[in-house]
Every structure is written in C-alpha cells, then in structure tokens.
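The numbering used here puts the sequence shown at residues 13 to 228. Some notes on the structure that comes next.
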Amino acid sequence: MHERHLKDLLYQEFARIGKSLSSPKRLEILDILSQGPKSVDALAKSTDMSVANVSQHLKTLFNARLVKFSKEGNFVIYELADEVIAKFLTTLHALSEKQLIQVQQIKEEFFNEHLGIEGVSLSDLVTRMDKGEVLLLDVRPKEEFEQAHIPGAVSMPIEELEDQLATLPTHVDIVAYCRGPYCLMSAEAVKMLKAKGIKAFRLEEGVLDWQRLAGE
C-alpha cells in the first residue's frame, strides 16, 4: 500500500477522536466520567440535558472508543474506556488555559472577582493537613468519593452541606474540593461556608491531580 495512502488512513482515524470531542457537552460528559462510572440518568442530571440527548452523545463517544458501558439491573452504566483518556483531558485543560486567553479570563472572573474566593495549592494542603490545621471536604456525590478521594478528606456532598454546617469544627480552616479546576461545586461550598462566618478556601485541584502528585 502506498505510503501516502497509509498516512491518510492513519490521520483519518486520529480525526475520529477529534470529531467526537468537538462538542462541549461531550467534553463535559468525559470530565464527569473521569470521576467514576455513571448511569445515563446521573449524567443527564449533572449536565442539565435530557436522557435522550445524553444517550446520543454517549453513542458518539462509544463509537470513538472513548467510553464503555455495562448493565447493572435496569441501569446502563458508562465509564471511560481507558485511564489514558483522563490524562488526556487534564492535558487538554492545561493546553486550553495556556493558549486561550478566554479560558484564563473566565476562570479569573468567576472565582476571583465574582466570588472573592481564595485558593490553596495541593502541596500547601498536604502540609497543613499533616499539622492538623485544616479539614478537607469532598463536596462531590458520595459515589465519586467512594470511587476515589484525597486521603484524609471527609465526604460532604454539596447538597448536604448546609444541613451539616453545625457539625463542622470551628478551630480549623475548611478547604473544599470537587472535580478539578473548572468544577463549581467547591466554589459554591466555599461561598456557603464564608456566608456562615467560617474561614474557607477552595482547592483547585481534584483527585486526579492528587494521584498524579502522589505518583511522582
């Protein structure tokens, strides 16, 4: 087979992945699945889409071999087809933030200007947790916490936080985290905590970042 034809075939296959990633909603679905397996209903709730729309996006991702599924009773459960996809998403986020000024501006405007939220780095967090200076809250859904979490974190889903405020200690700072740099649940949690007079900070990184740091 001619070399040019082989290259055309190869890049045609590469383009299949690129095409499947051209939808913002499909990228969001992959981000959510990087936290652990999810049912179609759970994905629909998280993305504010109908089950039918989510199913269509999942079909496209499945055809590109980016997700796989299994059946648990009456539920169809989707997950990333390979852990390398989560690493790719992290790289995509970093590349976009570096190359696209709009990403930087949106992030800066929302987290710093609108909410006045202070952040804490993962390395600083580890040091302060070792000294017993902070309590780390994982505000993701419980099933994501059970799938994987930063050691020492306490599971407190964002929808339960307000009812649990009275149980939080007052002698340490609170740090909240969720799915990573562009997840808003931790920002909502910090805003809620600060409104009650609790000294709170947002951890920008998520479980995948911690796993990568721990593996170094």
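Built from N, CA and C at the ideal position, the CB exists for glycine as well. These figures come from a predicted structure and were not determined experimentally.
Outcome for residue i when other beta-carbon atoms lying within 10 angstroms are tallied against a minimum of 16
i	result
I162	buried
A27	exposed
E217	buried
I170	buried
Y23	exposed
G209	exposed
I97	buried
R77	exposed
D20	exposed
S108	exposed
P193	buried
Reduced DSSP category for residue i - H, G, I as helix; E, B as strand; rest coil
i	result
G85	coil
D175	helix
I210	coil
K50	strand
D150	strand
K143	coil
A76	coil
A165	coil
D136	helix
V184	coil
Sequence-distant residues of its chain with Cβ nearer than 6 Å to residue i (five each side left out)
i	result
A56	V63 and V66
Contacts around residue i, its chain only, beta-carbon distance under 7 Å, and the 5 residues preceding and following it disregarded
i	result
Q114	none
L173	V151, A201 and M204
Chain-order list of residues whose beta-carbon lies under 8 Å from that of residue i (same chain, five-residue window excluded)
i	result
T59	K37, E40, I41, I44 and V66
Quick check: the stretch 46 to 55 against the stretch 148 to 157, are at least 3 beta-carbon pairs closer than 8 Å? yes
Could you say if the stretch 98 to 109 and the stretch 55 to 72 meet the contact criterion of at least three C-beta pairs nearer than 8 Å? These segments do not touch.
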